[in-house]
C-alpha cells in the first residue's frame with residue numbers, strides 16, 4: 183500500500199491540523215514531497231513540532247524520514263523502470279489509441295498553460311539577444327539542441343551549452359548579460375543545471391525556463407517560466423509537448439523576423455537545389 187493511501191485510511195482519526203497537512207499534501211503530492219518542513223509549517227501557519235508529530239503518527243521516526251519515503255514513492259515512480267514495473271504488476275496494456283490520446287493531451291495542456299504576454303516577452307528577448315544559449319540534461323538536452331538548430335536556420339546566433347572541456351558550470355561562464363539562456367529542465371532535476379543557471383543569472387543574463395512543474399528548482403532563477411506537459415505511461419517524460427513548444431516559439435520568431443528570415447531561407451533553398459549535395 184502506498185504511503186498516501188495509508189494516510190488516507192487514518193484521515194478520520196486525525197486532528198484538524200493533521201487533516202490540513204494531509205489535504206495540502208494531496209493537493210500536489212510530488213510538490214509537497216519537495217518542500218522543506220519550514221516551508222510547510224509557514225504555509226499552514228503551524229509549528230514544525232506539529233509536522234513531526236504528523237510524521238510519527240504515520241509510523242516514521244521523524245519528518246525527514248517521512249519526507250524521504252514520500253519522495254521515493256512519488257518521484258522515483260516517474261522513472262521508466264518504475265512505470266513499466268507498475269504496468270506489469272497491474273497486468274495492464276497500453277494501446278496505440280491510449281498513447282495517441284495522451285500525446286494529444288500533452289499538446290493541449292502545454293498550449294493551455296501558455297501565457298500570451300509571456301510568449302511575446304520571450305520573442306522580444308530572443309530576437310534582441312546577442313546570442314541565444316540553450317541548456318538541458320539527458321533527454322532535455324536534445325530538445326535544447328533542436329531549438330538551437332531552429333534558431334540557426336533563421337539566422338539567429340545560437341549555441342547549446344554542453345559538457346565539452348568542463349562541466350555545464352564552466353560552459354555557463356561564457357554567457358553574457360546581453361545574451362539569453364533557455365533552460366530545458368525535466369525531472370529528475372539536476373544539481374549541475376541549477377548551478378549553471380545560478381551562475382548565468384549572477385552575470386545579469388535573462389534566463390527562461392521550460393519545465394513541467396512549478397517545483398522545478400531552476401524556477402527561482404528564471405525571468406519567465408513556460409510549462410510543458412510530459413505525461414507518459416512508459417518513458418520518464420514525453421517529448422511531444424516540448425517539441426510543440428519549440429515549434430510554437432520558432433513560428434512566432436519567424437513571423438516577427440519574416441523579411442530577414444525569408445532572405446535566409448531563400449539562400450538555403452539554393453543549396454537544397456544543388457545536385458552536388460542533395461538528390462533531386
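Residue numbers (the numbering used here): 183 to 462. Note that the Cβ used here is the ideal one computed from N, Cα and C, for glycine as well.
When you compare only the Cα positions, how much space is there between residue i and residue j?
{"i": "residue 443", "j": "residue 364", "result": "21 Å"}
{"i": "residue 129", "j": "residue 278", "result": "The first residue shown for the chain is 183 and the last is 462, placing residue 129 beyond what the model contains."}
{"i": "residue 406", "j": "residue 308", "result": "12 Å"}
{"i": "residue 242", "j": "residue 248", "result": "6 Å"}
{"i": "residue 255", "j": "residue 204", "result": "16 Å"}
{"i": "residue 160", "j": "residue 202", "result": "Because residue 160 is not part of the residues shown, which for the chain are 183 to 462, the question remains open."}
{"i": "residue 384", "j": "residue 315", "result": "16 Å"}
{"i": "residue 462", "j": "residue 455", "result": "7 Å"}
{"i": "residue 372", "j": "residue 362", "result": "21 Å"}
{"i": "residue 416", "j": "residue 432", "result": "29 Å"}
{"i": "residue 332", "j": "residue 453", "result": "17 Å"}
{"i": "residue 281", "j": "residue 418", "result": "14 Å"}
{"i": "residue 349", "j": "residue 375", "result": "10 Å"}
{"i": "residue 229", "j": "residue 218", "result": "13 Å"}
{"i": "residue 327", "j": "residue 344", "result": "10 Å"}
{"i": "residue 341", "j": "residue 434", "result": "19 Å"}
Relative to the alpha-carbon of residue i, which residue among the options has its alpha-carbon at the smallest distance?
{"i": "residue 306", "options": "388, 327, 460", "result": "388"}
{"i": "residue 322", "options": "455, 416, 424", "result": "424"}
{"i": "residue 515", "options": "233, 416, 188", "result": "This structure leaves residue 515 out entirely; the chain is present only between 183 and 462."}
{"i": "residue 189", "options": "219, 254, 226, 236", "result": "236"}
{"i": "residue 409", "options": "218, 249, 394, 315", "result": "394"}
{"i": "residue 438", "options": "186, 202, 301", "result": "301"}
{"i": "residue 429", "options": "211, 384, 351, 292", "result": "292"}
{"i": "residue 318", "options": "378, 427, 385", "result": "378"}
{"i": "residue 336", "options": "446, 314, 343", "result": "446"}
{"i": "residue 325", "options": "366, 354, 344, 340", "result": "366"}
{"i": "residue 427", "options": "351, 304, 280", "result": "304"}
{"i": "residue 213", "options": "397, 320, 452", "result": "397"}
{"i": "residue 284", "options": "421, 413, 221", "result": "413"}
{"i": "residue 334", "options": "219, 313, 347, 354", "result": "313"}
{"i": "residue 206", "options": "226, 290, 327, 245", "result": "226"}
{"i": "residue 215", "options": "239, 240, 251, 224", "result": "251"}
Can you pull the DSSP bridge partners for residue i?
{"i": "residue 388", "result": "362"}
{"i": "residue 355", "result": "Per DSSP, none; premise fails for residue 355."}
{"i": "residue 406", "result": "390"}
{"i": "residue 374", "result": "Looking at the DSSP assignment, residue 374 forms no beta bridge with any residue, so it has no partner."}
{"i": "residue 367", "result": "393"}
Please state the DSSP three-state secondary structure of residue i.
{"i": "residue 450", "result": "helix"}
{"i": "residue 246", "result": "helix"}
{"i": "residue 341", "result": "strand"}
{"i": "residue 422", "result": "helix"}
{"i": "residue 314", "result": "strand"}
{"i": "residue 184", "result": "coil"}
{"i": "residue 411", "result": "coil"}
{"i": "residue 304", "result": "helix"}
{"i": "residue 462", "result": "coil"}
{"i": "residue 328", "result": "helix"}
{"i": "residue 417", "result": "coil"}
{"i": "residue 296", "result": "coil"}
{"i": "residue 441", "result": "helix"}
{"i": "residue 401", "result": "helix"}
{"i": "residue 349", "result": "coil"}
Check whether the Cβ of residue i lies closer than 7 Å to any heavy atom of the ligand GDP, and answer yes or no.
{"i": "residue 319", "result": "Among the components of this structure there are no ligands whatsoever, and the ligand GDP is therefore not found."}
Report the residue ranges of all alpha helix (DSSP H) runs contained in full by the stretch 187-243; include only those spanning at least 4 residues, in chain order. 198-209, 211-216, 219-226, 230-239
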